[in-house]
Amino acid sequence: MIKRPKLIFSAWHKWDAEMAHRLTRKQLPFSDELEWPGIYVWAWFNESPNDRLSLLKPPREILYIGEAKRPLRERLNQFSLSYFSSIKGHDGGLRVSNMTKQKDGHLYLSYFSLRMDNEPPDFLKDIYHWSRAFLHYAERLVIWQYVRRWGRRPDANNT
Numbered sequence: 772m773i774k775r776p777k778l779i780f781s782a783w784h785k786w787d788a789e790m791a792h793r794l795t796r797k798q799l800p801f802s803d804e805l806e807w808p809g810i811y812v813w814a815w816f817n818e819s820p821n822d823r824l825s826l827l828k829p830p831r832e833i834l835y836i837g838e839a840k841r842p843l844r845e846r847l848n849q850f851s852l853s854y855f856s857s858i859k860g861h862d863g864g865l866r867v868s869n870m871t872k873q874k875d876g877h878l879y880l881s882y883f884s885l886r887m888d889n890e891p892p893d894f895l896k897d898i899y900h901w902s903r904a905f906l907h908y909a910e911r912l913v914i915w916q917y918v919r920r921w922g923r924r925p926d927a928n929n930t
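First residue of the sequence shown? That's 772 in my numbering, and the numbers climb one at a time after it.
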């Protein structure tokens, strides 16, 4: 029986065009974690947040919560292309771009990687139905926690 992973998110990472470029070249310090499916959260902060994303107290600044069924790197790349270049491919990236064009502050990313220690990413093919069900549950849980705290879904998830 497979144990349910702990849903612990990364620290917030300031995201700009340089980070997006390093993502495509797999040159980020956390690139290995992005080779796995997962959940990603985009937020807009005026100042760098000190804490990890807390499911019990999700910040109001969250704009979009998404699920990556394939490697996180692929979905984050689609988001970045849409966000920075207005190229279709990720509706959330286009919506967040339109919301933040005239705002002070910076885009930040936090993510949960379904990384399985001691297993290659292809391992998830063997547990496909389990991993898909867990990620769908996890994305909805993060959105639910946001709604519980703020009374609405994140702005870019409201479509």
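For glycine and all other residues, C-beta sits at the position ideal for the given N, C-alpha and C.
Note that the structure is a prediction, hence the values are computed from the model and not measured.
Less than 7 Å separating the beta-carbons of residue i and residue j?
i      : j      : result
Phe855 : Ile810 : no
Ser881 : Gly864 : no
Arg920 : Pro820 : no
Ile858 : Tyr917 : no
Asn929 : Tyr835 : no
Leu935 : Arg844 : The chain is shown from 772 up to 930; residue 935 falls before or after that span and cannot be answered.
Leu885 : Trp807 : yes
Ala904 : Leu778 : no
Thr795 : Asn848 : yes
Since residue i and residue j should fall inside the 8 Å C-beta cutoff, what is the C-beta to C-beta distance between them, to a whole number of angstroms?
i      : j      : result
His877 : Phe816 : 6 Å
Ile914 : Arg924 : 6 Å
Near residue i, what residues of its chain come up, given a Cβ to Cβ distance below 7 Å and the 5 sequence neighbours on each side ignored?
i      : result
Arg831 : Trp921
Ala791 : Ser851 and Phe855
Ala788 : Phe855
Excluding the 5 residues flanking residue i on each side, which residues of the same chain have their C-beta closer than 6 Å to its C-beta?
i      : result
Arg866 : Ala927
Phe850 : His861 and Gly864
Glu818 : none
Give me the DSSP bridge partner(s) of residue i.
i      : result
Leu878 : Trp786 and Trp815
Ile833 : Ala814
Phe905 : Answer is none; Phe905 lacks a bridge partner.
Phe883 : Ile810
Ala791 : Note: Ala791 sits in no beta bridge, so no partner.
Glu838 : Ile810
Please confirm if the stretch 781-793 is in contact with the stretch 834-843, defined as three or more CB-CB distances below 8 Å between the two stretches.
Counting Cβ pairs under 8 Å, fewer than three are found: no touch.
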